[in-house]
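There are 2 protein chains.
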Amino acid sequence: MRDALIAAAFRLFLERGYEETTVDDIVALAGVGRRSFFRYFPSKEDVVFPDHERCLADMTAFLEASTDEDEPVRRVCDAARLVLRMYAEKPEFSVQRYRLTKRVPVLRAYELSVVWRYQRALAGYLRERFAGQRDATLRADVIAAAVVAAHNNALRAWLRSDGKGDAEAAVDHALRHVQAAFGATPAPPAGELPEDVVVVVARRETPLWRVVQELETALGRG
Amino acid sequence: MRDALIAAAFRLFLERGYEETTVDDIVALAGVGRRSFFRYFPSKEDVVFPDHERCLADMTAFLEASTDEDEPVRRVCDAARLVLRMYAEKPEFSVQRYRLTKRVPVLRAYELSVVWRYQRALAGYLRERFAGQRDATLRADVIAAAVVAAHNNALRAWLRSDGKGDAEAAVDHALRHVQAAFGATPAPPAGELPEDVVVVVARRETPLWRVVQELETALGRG
Numbered sequence: 001m002r003d004a005l006i007a008a009a010f011r012l013f014l015e016r017g018y019e020e021t022t023v024d025d026i027v028a029l030a031g032v033g034r035r036s037f038f039r040y041f042p043s044k045e046d047v048v049f050p051d052h053e054r055c056l057a058d059m060t061a062f063l064e065a066s067t068d069e070d071e072p073v074r075r076v077c078d079a080a081r082l083v084l085r086m087y088a089e090k091p092e093f094s095v096q097r098y099r100l101t102k103r104v105p106v107l108r109a110y111e112l113s114v115v116w117r118y119q120r121a122l123a124g125y126l127r128e129r130f131a132g133q134r135d136a137t138l139r140a141d142v143i144a145a146a147v148v149a150a151h152n153n154a155l156r157a158w159l160r161s162d163g164k165g166d167a168e169a170a171v172d173h174a175l176r177h178v179q180a181a182f183g184a185t186p187a188p189p190a191g192e193l194p195e196d197v198v199v200v201v202a203r204r205e206t207p208l209w210r211v212v213q214e215l216e217t218a219l220g221r222g
Numbered sequence: 001m002r003d004a005l006i007a008a009a010f011r012l013f014l015e016r017g018y019e020e021t022t023v024d025d026i027v028a029l030a031g032v033g034r035r036s037f038f039r040y041f042p043s044k045e046d047v048v049f050p051d052h053e054r055c056l057a058d059m060t061a062f063l064e065a066s067t068d069e070d071e072p073v074r075r076v077c078d079a080a081r082l083v084l085r086m087y088a089e090k091p092e093f094s095v096q097r098y099r100l101t102k103r104v105p106v107l108r109a110y111e112l113s114v115v116w117r118y119q120r121a122l123a124g125y126l127r128e129r130f131a132g133q134r135d136a137t138l139r140a141d142v143i144a145a146a147v148v149a150a151h152n153n154a155l156r157a158w159l160r161s162d163g164k165g166d167a168e169a170a171v172d173h174a175l176r177h178v179q180a181a182f183g184a185t186p187a188p189p190a191g192e193l194p195e196d197v198v199v200v201v202a203r204r205e206t207p208l209w210r211v212v213q214e215l216e217t218a219l220g221r222g
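Here the protein sequences line up with chains H and C, keeping their order. Okay, so the first sequence: first residue is 1 according to full-length UniProt numbering, each after it adds one. Okay, so the second sequence: first residue is 1 according to full-length UniProt numbering, each after it adds one.
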């Protein structure tokens with residue numbers, strides 16, 4: 001029933017426009033009552049983004065299941081990948097929704113609030129992990145924002161290309177960029193010398209990001 | 001007249017609540033007609049954030065006035081400082097609004113959309129400056145998000161402290177954090193040897209951010 005409502009809603013949104021479609025139109029096409037609609041969706045906006053609540057719950061559970069062994073920045077990057085997976089599961093639906101959302105201000109506002117909830121979940125986890133460290137909340141908030149921005153940069157490029165291309169590879173590349181700037185290396189596997197050193201030589205006027213890039217390569221994280 | 005409307009609106013919002021106050025109540029208290037209200041403010045939300053449009057225009061003008069000599073990350077940090085200045089000009093008003101916004105979902109949504117417009121302005125500028133470079137839009141989006149997150153981390157701490165303490169110093173500290181991660185050094189002044197080198201030696205398991213911190217210190221940007 002839930003899927004039938006989503007399908008009916010999208011058919012009408014695309015045919016008539018979002019604002020022009022009422023909940024009554026949707027339930028009429030789906031052949032169910034108004035009550036059934038509101039059992040699944042608190043509002044008309046929610047039927048456009050039917051999977052975000054589940055994804056937010058999955059993300060929260062994933063972060064809560066972390067241990068102290070998990071490198072925090074890697075963990076929030078992996079948490080962000082859950083969002084990508086939700087979009088990539090239904091490429092055609094995701095692309096349709098992207099086009100619809102771009103045209104309808106109330107949906108853009110809804111999307112911003114969802115993105116903000118993801119970002120807050122990531123930041124909340126990092127704040128806990130960084131507790132007691134210098135600039136803990138600042139670092140947590142900046143990293144969470146960077147992860148979300150990198151994820152969305154890659155996701156939107158994929159949506160703009162009509163879901164063609166490898167979304168996961170693009171998001172991996174984008175998140176590596178953030179991990180390189182903020183993440184720690186995992187502890188070296190047993191047998192590898194912890195005294196291993198890396199030397200970087202840079203001219204003073206070299207942009208810091210270039211030095212970091214070289215550093216990544218040297219550390220095998222490029 | 002504009003200031004009188006803002007003052008009347010805030011008096012009522014704080015006394016009765018935001019949802020409970022109508023535009024009619026506001027114009028009655030201010031002693032003007034409805035038309036006057038809507039000449040200044042498109043909606044009731046806008047009277048809560050009366051200075052963002054001007055600040056967005058100032059930010060856009062500031063970024064448009066940039067030259068190729070301006071280091072891009074420093075420039076967006078300076079652009080973000082315009083927002084802080086707007087809040088710091090009227091500390092009492094800013095703190096009242098912060099408390100009000102926290103309680104009213106529609107105002108939080110409005111604030112998210114404003115923050116997003118600032119972030120897009122910064123990202124748009126960086127995308128142009130980085131055009132032709134590797135990962136240009138990715139880097140632009142991530143840096144813009146990091147700048148906004150750092151700025152808001154410091155701004156909100158100041159608002160939570162009821163506007164006590166030095167907001168500018170807090171924002172400077174937060175933005176330095178972002179500049180250190182992403183910014184380039186300015187070209188060395190004439191007379192300084194461009195061949196100047198810096199050597200960093202790090203153990204392989206050292207977190208990358210620690211290496212970057214040392215690097216900053218070595219490069220005199222700590």
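Using N, Cα and C, we set each Cβ at its ideal position, and we do this for glycine too. Because the structure is a prediction, the values reported are computed rather than measured.
Check: 4-residue-minimum alpha helix (DSSP H) runs that sit fully inside the stretch 97-141 of chain C, ordered along the chain; Outcome: 105-130
Check: Where C:R139 falls, given that 16 or more other Cβ within 10 Å makes a residue buried; Outcome: buried
Check: contact_flag[the stretch 110-130 of chain H, the stretch 66-82 of chain H] where n(CB pairs < 8 Å) is 3 or more; Outcome: yes
Check: Complete alpha helix (DSSP H) runs within the UniProt DNA-binding region "H-T-H motif" (22-41) of chain H (minimum length 4 residues, chain order); Outcome: 23-30 and 34-40
Check: Classification of H:R129 by the beta-carbon crowding that lies within 10 angstroms, buried from 16 upward; Outcome: buried
Check: Contacts that H:D68 makes with chain C (C-beta to C-beta distance below 9 Å); Outcome: The premise fails here: H:D68 is roughly 15 Å from chain C at the closest Cβ pair, so nothing lies under 9 Å.
Check: Close beta carbons around H:A131, own chain, < 8 Å, minus the five adjacent residues each side; Outcome: none
Check: Given 8 Å, three or more beta-carbon pairs between the stretch 153-168 of chain H and the stretch 103-112 of chain H; Outcome: no
Check: Whether H:A145 touches H:V178 by CB criterion (7 Å); Outcome: no
Check: Distance, H:T21 Cα to C:R81 Cα; Outcome: 43 Å
Check: Between the CA atoms of C:L12 and C:R2 - distance to the nearest angstrom; Outcome: 16 Å
Check: Option in H:K102, H:V27, H:M59 and H:L126 with minimal Cα separation from H:M86; Outcome: H:M59
Check: Inter-residue Cα distance where the pair is H:F49 and H:V114; Outcome: 9 Å
Check: Own chain residues within Cβ distance below 6 Å of H:F10, not counting five before or after; Outcome: none
Check: Any C-beta of chain C under 7 Å from that of H:S161; Outcome: no
Check: With 16 other Cβ atoms within 10 Å as the buried cut-off, status of C:A181; Outcome: buried
Check: Contact with chain H by C:F41, beta-carbon distance below 7 Å; Outcome: no
Check: H:E111 classed as buried or exposed, judged by whether at least 16 other C-beta atoms fall within 10 angstroms; Outcome: buried
Check: CB-CB length for C:A88 against H:D141, believed under 8 Å; Outcome: Wrong, their Cβ atoms sit about 20 Å apart, outside the cutoff.
Check: Chain-ordered neighbours of C:T137 on chain H, where CB pairs are closer than 9 Å; Outcome: N153 and A157
Check: Beta-carbon contacts of C:S94 that lie in its chain and below 7 Å, excluding the five residues immediately before and after; Outcome: Y87, L159 and G163
Check: Distance, H:G183 Cα to C:A174 Cα; Outcome: 18 Å
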